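The structure appears right after this line, and notes come after that.
Residue numbers (my numbering): 1 to 105.
Structure representation (structure tokens):
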């Protein structure tokens with residue numbers, strides 16, 4: 001099974017996390033009423049649990065690198081790079097452990 005997670009924290013209005021499981025996308029958007037760093041991982045965990053999956057089932061991570069909110073971009077990229085490193089999976093097509101960088105412009 002191929003499980004891809006997409007993380008988009010570039011907006012100041014919402015956070016978007018989606019799972020693509022064997023080509024089928026499941027998306028969850030959350031309006032920001034709390035800090036982005038405190039929203040993304042619980043969203044991902046909830047989505048995985050609903051599909052009876054764990055972090056170890058992820059095969060790849062995609063993250064929006066910008067442009068967008070300066071802090072938001074850093075939050076999304078940090079989460080993606082950390083998960084990619086810990087799970088030994090690629091982020092934005094980069095080999096595991098090769099960090100993705102922000103595009104602020």
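Even glycine gets a Cβ: it sits at the ideal position worked out from N, Cα and C.
Computed from a prediction, not measured in an experiment: that's the story for all the values here.
Counting of Cβ neighbours within 10 angstroms places residue 26 among the exposed residues, the total staying below 16. Taking a contact as a CB-CB distance under 8 Å, the pair residue 43 and residue 30 counts as one, their CB atoms being some 6 Å apart. Under the three-state reduction of DSSP, residue 2 is assigned to coil, being neither helix nor strand.
The Cβ atoms of residue 93 and residue 11 lie no closer than 9 Å to each other. Between residue 86 and residue 73, the alpha-carbon positions lie close to 20 Å from each other.
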